[in-house]
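So the structure is just underneath, and the comments pick up after that.
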Amino acid sequence: MADALASATCGRCHSHFDPSERIVNSNGELYHEQCFVCAQCFRQFPGGVFYEFEGRKYCEHDFQMLFAPCCGQCGEFIIGRVIKAMNNNWHPDCFCCEICSIALADLGFVKNAGRYVKTSAKSGLDLNIT
0 MADALASATC GRCHSHFDPS ERIVNSNGEL YHEQCFVCAQ CFRQFPGGVF
50 YEFEGRKYCE HDFQMLFAPC CGQCGEFIIG RVIKAMNNNW HPDCFCCEIC
100 SIALADLGFV KNAGRYVKTS AKSGLDLNIT
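In numbering that gives the first Met the number 0, the protein residues as written are 0 to 129.
Quick look at the structure:
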């Protein structure tokens, strides 16, 4: 183990490790603790949480600012499943029928007078949440 550490280098600065220092292992890549930082702001990851995109690691804030779309309803960043409809991006729970407020993410919908409504509500008669 000591021999492997002696030949290992940091994934960021490419320097060797001191046997007494803490080392971060991220999917087999080794880093000095101070080198394991966000690719955008160069700060360490709060709580060790990071997002990886195209081989680079980002803190949550920078990942959202650089890559996450904003929801057309609530305006918050979308991490995870994105619904793309009506020339916008939506959280699945924010893309709702404008008549009955049921989530449309997994249902059919139509555009009616500029509003998005579930298919069975297009006549305006179906006002009950099913």
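Positions of the beta carbon are idealized from the N, C-alpha and C atoms, including for glycine.
All of these numbers come straight from a predicted model, not from anything done at the bench.
In angstroms with no decimal places, state the Cα-to-Cα distance between glutamate 59 and glutamine 43.
The sequence position of residue 59 within the sequence shown is 60, counting from 1. The sequence position of residue 43 within the sequence shown is 44, counting from 1. Taking the straight line from one Cα to the other gives about 11 Å.
Distance between serine 19 and lysine 83 (C-alpha atoms, nearest Å)
As a first step, residue 83 is located in the sequence shown; it is residue number 84 there, counting from the start. As a first step, residue 19 is located in the sequence shown; it is residue number 20 there, counting from the start. Taking the Cα positions, lysine 83 is about 50 Å away from serine 19.
Compute the Euclidean distance between the alpha carbons of cysteine 9 and serine 25, then round it to the nearest angstrom.
Taking the first residue of the sequence shown as position 1, residue 9 is located at position 10. Taking the first residue of the sequence shown as position 1, residue 25 is located at position 26. Spanning the two alpha carbons is a distance of roughly 11 Å.
Pairwise C-alpha distance: leucine 103 and cysteine 95
Translated into positions along the sequence shown, residue 95 becomes position 96. Translated into positions along the sequence shown, residue 103 becomes position 104. CA-CA distance, cysteine 95 to leucine 103, rounds to 5 Å.
Exposed or buried, what is valine 36 when buried is set at 16 or more other beta-carbons lying within 10 Å of its beta-carbon?
Counting from 1 along the sequence shown, the entry for residue 36 is found at position 37. Counting Cβ neighbours within 10 Å, valine 36 comes out buried, since at least 16 surround it.
Rounded to a whole number of angstroms, what is the C-alpha to C-alpha distance between arginine 11 and cysteine 34?
For this step, residue 11 is matched to residue 12 along the sequence shown. For this step, residue 34 is matched to residue 35 along the sequence shown. So the alpha carbons of these two residues sit roughly 6 Å apart.
In whole angstroms, give me the CA-to-CA distance for valine 81 and alanine 38.
Start at 1 with the first residue of the sequence shown, and residue 81 comes out as number 82. Start at 1 with the first residue of the sequence shown, and residue 38 comes out as number 39. About 24 Å.
Helix, strand or coil, according to DSSP, for phenylalanine 62 in the structure here?
Your numbering for residue 62 matches position 63 in the sequence shown. Reduced to three states, the DSSP call for phenylalanine 62 is helix.
Given a cut-off of 9 Å, decide if cysteine 73 and asparagine 88 are closer than it, judged by their beta-carbon atoms.
Along the sequence shown, read from residue 1 onward, the residue named residue 88 stands at position 89. Along the sequence shown, read from residue 1 onward, the residue named residue 73 stands at position 74. Judged by their CB atoms, asparagine 88 and cysteine 73 are not nearer to each other than the 9 Å cut-off.
Around the C-beta of histidine 15, are 16 or more other C-beta atoms found within 10 angstroms, so that it is buried, or is it exposed?
Against the sequence shown, residue 15 aligns to sequence position 16. Histidine 15 is classed as exposed because its beta carbon has fewer than 16 other beta carbons within 10 Å across all chains shown.
So, with DSSP's three-state summary, where would you put glutamate 32?
Translated into positions along the sequence shown, residue 32 becomes position 33. For glutamate 32, the secondary structure class from DSSP, reduced to helix, strand or coil, is helix.
So what's alanine 102 in DSSP terms, helix, strand or just coil?
Position 103 of the sequence shown, counting from 1, holds the residue named residue 102. The answer is strand: DSSP assigns alanine 102 an E or B state.
Can you find the residues in the same chain that come closer than 7 Å, C-beta to C-beta, to aspartate 92, ignoring five residues on each side of it along the sequence?
Sequence index remark: in the sequence shown, residue 92 carries index 93 (1-based). Cβ-Cβ distances below 7 Å link aspartate 92 to Ala102 in the same chain, with the five nearest sequence neighbours on each side left out; the list follows chain order.
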